[in-house]
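Asks: Residue numbers (this note's numbering): 5 to 274.
Put into structure tokens, the structure is as follows:
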């Protein structure tokens, strides 16, 4: 994973939240929030919270006396999340690295992470850190995207970007968000970290947008794919976005569009 894969800064947080969150994240955020809330936890940690889509879904479902720590590595994303969240004295916002959590052992009943573990440079170390801060019997609930071929908008945009830079294709989406989809590997790494049981659920859904332009902007300008495009030729960001729009329109239509998305939900128990 490139160092730029973890950088969500500049205009990315706003475009990410305005375009990408409703496009692909909201459905899975609601699912994750319901799974966490069903356990009636008193203390919850969210890692890699991004712009707060899970936080907005989960906070209303927690009890009035629950404690909810919301963290992310990127302060600009956390700033965006906190601005969008209604005032809530149960929530603590804190910049934190999921591989070096600043919390005591056995602090949380549940840890959740929406589409974040793919960015961990050392997955087992990240899982061990989560295990350390969970109470006995606690749950680590997270999701990951399935392979890019099962996520059609992302696959289409990646193919388009590769035609613009054929000698050095920008493969952020395939490499990182969709690069950690092997459930057998995930189970083995959770086992190596010390979790005693792991359950996996695969969930397919539909990504919907008002026009092909929406997913084109979402992926090209609201993810670290933008960092890759800028590194190659900053003048071509709009060109890639326009080409992606045209290719998406050719494949999915010119009006409201929809396409398959698919991810895995993992529930690991300490």
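All C-beta atoms, glycine included, are put in the ideal place defined by N, C-alpha and C.
Here the structure is a predicted model, which is why all the values come from computation and not from measurement.
Using 10 angstroms around the beta-carbon of residue 56, count the other beta-carbons present and answer buried if the total reaches 16, otherwise exposed.
Replies: Taking the chain shown and counting its residues from 1, one reaches residue 56 at position 52. Residue 56 is buried by the Cβ-count criterion.
Asks: For residue 39, name the three-state secondary structure that DSSP assigns.
Replies: Residue mapping note: residue 39 aligns to position 35 of the chain shown, counting from 1. Reduced to three states, the DSSP call for residue 39 is helix.
Asks: Answer yes or no: do residue 268 and residue 205 have a C-beta to C-beta separation smaller than 8 Å?
Replies: Walking along the chain shown from the start, residue 268 turns up at place 264. Walking along the chain shown from the start, residue 205 turns up at place 201. Their beta carbons are under 8 Å apart, which means residue 268 touches residue 205 by this criterion.
Asks: Once you ignore the five residues that flank residue 101 on each side, which residues in its own chain have a CB closer than 7 Å to its CB?
Replies: For the purposes of this step, residue 101 is identified with residue 97 of the chain shown, where counting begins at 1. Excluding sequence neighbours, residue 101 sits near 77.
Asks: Can you check whether the C-beta of residue 157 is within less than 8 Å of a C-beta belonging to chain D?
Replies: In the displayed structure, chain D is absent; only one protein chain is listed.
Asks: Going by the CB atoms, is the gap between residue 155 and residue 266 shorter than 8 Å?
Replies: Translated into the one-based positions of the chain shown, residue 266 becomes position 262. Translated into the one-based positions of the chain shown, residue 155 becomes position 151. Yes, they are a contact pair.
Asks: Please state if the CB of residue 51 and the CB of residue 115 are separated by a distance shorter than 8 Å.
Replies: On the chain shown, residue 115 is found 111 positions in, with the first residue counted as 1. On the chain shown, residue 51 is found 47 positions in, with the first residue counted as 1. Yes, these two residues count as a Cβ contact at 8 Å.
Asks: Going by DSSP in three states, residue 211 sits in which element: helix, strand or coil?
Replies: By one-based count along the chain shown, residue 211 stands at place 207. The answer is strand: DSSP assigns residue 211 an E or B state.
Asks: Could you check which residue in 120, 235 and 71 has the C-alpha nearest to that of residue 45?
Replies: On the chain shown, residue 45 is found 41 positions in, with the first residue counted as 1. For the residues 120, 235 and 71, the minimum Cα distance to residue 45 belongs to 71.
Asks: Considering only C-alpha positions, which residue in the set 27, 225 and 60 is nearest to residue 17?
Replies: Taking the first residue of the chain shown as 1, we reach residue 17 at position 13. Nearest C-alpha to residue 17: 225.
Asks: Report the option in 252, 260, 168 and 227 whose CA atom is closest to the CA atom of residue 212.
Replies: As a first step, residue 212 is located in the chain shown; it is residue number 208 there, counting from the start. Closest option to residue 212, Cα to Cα, is 260.
Asks: Let me check one thing: in DSSP terms, what residues is residue 266 bridge-paired to?
Replies: Residue 266 sits at position 262 when you count from the first residue of the chain shown. Beta-bridge pairing links residue 266 to 208.
Asks: List the residues that DSSP assigns as beta-bridge partners of residue 116.
Replies: Counted from its first residue, the chain shown places residue 116 at position 112. Bridge partners of residue 116: 50 and 145.
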